[in-house]
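Student: Take this structure first; my questions come after.
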Amino acid sequence: MATKQTAPGGARPVKRMRRLERRAQILDAATRAFARAGFAATSLDDIAAEAGLTHVMLYRHFESKADMYRSVLDRACGRLAESVGGDTFDEDSLPALIRAASADPDAFRLLFRHAAKEPEFRDLVDTFTTASAEVARWNLAQLIPAGPWLDWAARVIPAFTADAVIAWLDAGQPDPDHAAERISRAVHGIIQAACLTRPTTT
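Per the numbering used here, the very first residue in the sequence shown carries number 852; after that it's consecutive.
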């Protein structure tokens, strides 16, 4: 059963949680704080205030702000992979991606908007981007002839889809029942462009 302990400095009592629950609480707060301004502009004070905890409590679970940020990104990647599924794209993939983004928009924005701008975490973003392109290429190979335009589409479509979903979030999540269909039409436009044959001259 959860109990309460008094926070230092006369702050409001801190509810005692199991370690995993407390870590999840901190990650939730860190996700919100980082999503507002990115890694560099977010301080531990910001995260502590968001979580309603002290620095001491943060350091019981994470070695540093960088460790916390990487943990936030790892969790976001894991949850996204679990929501969207495996390496095969089908008619359920895009709706699942949109549901995941809608359920945790801060994590989605952090993963696809902020993390790419943080040099310290470029390795994680590059790994994620490369894996996404490889999965896309494998699926698109059934629709687009092998060659440079297949490679182009495999890189463009994951990036476009993420940007399209973020733009949908920023627009207030309009027409949620048909958002996947609208974005899918745009994706099919990219596929059609990649399939265009160069006209022959006589």
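Just so you know, even glycine gets a beta-carbon here, dropped at the ideal spot from N, CA and C.
#1: Run the CB neighbour count on LEU907, radius 10 Å, all protein chains shown included, and call it buried at 16 or more, exposed below.
#2: According to DSSP, is LEU994 part of a helix, a strand, or is it coil?
#3: Just the Cα atoms here: how many angstroms apart are ALA992 and ILE1008?
#4: Starting from the N-terminal side, write out each stretch of the alpha helix (DSSP H) that is 4 residues or longer and does not extend beyond the segment 922 to 972.
#5: Could you name the residues of the same chain whose beta carbon sits closer than 7 Å to that of ALA1015, not counting the 5 residues immediately before and after it, in chain order?
#6: What did DSSP end up calling PHE913 once you bin it into helix, strand or coil?
#7: What do you reckon, are the CB atoms on ARG883 and HIS912 nearer than 8 Å?
#8: Within 10 angstroms of the Cβ of PRO859, are there 16 or more other Cβ atoms? Answer buried if so, exposed if not.
#9: Report buried or exposed for HIS1029, applying the criterion of at least 16 other Cβ atoms within 10 angstroms of its Cβ.
#10: Check for me: the alpha helix (DSSP H) holding ARG869 runs from which residue to which?
#11: Under 8 Å, do TRP989 and ALA1045 count as touching if we go by C-beta distance?
#12: If you run the structure through DSSP and keep just helix, strand and coil, what is HIS1039?
#13: Would you mind giving the Cβ-Cβ distance between TYR920 and PHE890, rounded to the nearest angstrom? I have them listed as a contact below 8 Å.
#14: Please report the straight-line C-alpha distance between GLU969 and ALA952, rounded to a whole angstrom.
#15: For ALA891, name the three-state secondary structure that DSSP assigns.
#16: Quick check: what's the CA-CA separation for THR857 versus SER922?
#17: Give the secondary structure of ALA982 by DSSP, where H, G and I count as helix, E and B as strand, and everything else as coil.
Tutor: Let's see:
#1: The displayed chain sequence assigns Val, not Leu, to residue 907. Around the beta carbon of VAL907, fewer than 16 other beta carbons lie within 10 angstroms, which makes this residue exposed.
#2: In the three-state reduction of the DSSP assignment, LEU994 falls in the coil class.
#3: Looking at the two C-alpha atoms, the distance is approximately 13 Å.
#4: The alpha helix (DSSP H) runs of length 4 or more contained entirely in the segment 922 to 972 are, from start to end of the chain, 944 to 954 and 956 to 960.
#5: Excluding residues within five positions, the ones whose Cβ falls inside 7 Å are ILE1034 and ALA1037.
#6: Of the three classes helix, strand and coil, the one that applies to PHE913 here is coil, per DSSP.
#7: Remark: C-beta atoms of ARG883 and HIS912 do not approach each other more closely than 8 Å.
#8: Low confidence applies to PRO859: its pLDDT is 44, below 50, so where it sits in the model is not reliable, and the reading given next is rough at best. With fewer than 16 other beta carbons inside 10 angstroms of its own, PRO859 counts as exposed.
#9: By the neighbour-count rule (16 or more Cβ atoms within 10 Å), HIS1029 is not buried but exposed.
#10: ARG869 -> no alpha helix (DSSP H), and no H or E assigned at all.
#11: The answer is no: Cβ separation not under 8 Å.
#12: If DSSP states are grouped into helix, strand and coil, HIS1039 belongs with the helices.
#13: With 8 Å as the limit, TYR920 and PHE890 qualify as a contact, their Cβ atoms being about 5 Å apart.
#14: Going by the C-alpha atoms only, they are around 21 Å apart.
#15: Per DSSP, reduced to three states, the secondary structure at ALA891 is coil, with no helix or strand assignment.
#16: Residue placement at THR857 cannot be trusted, given a pLDDT of 46 that sits under 50; what the coordinates show is reported in the next sentence. It is roughly 28 Å from the alpha-carbon of THR857 to the alpha-carbon of SER922.
#17: Three-state DSSP puts ALA982 in a helix.
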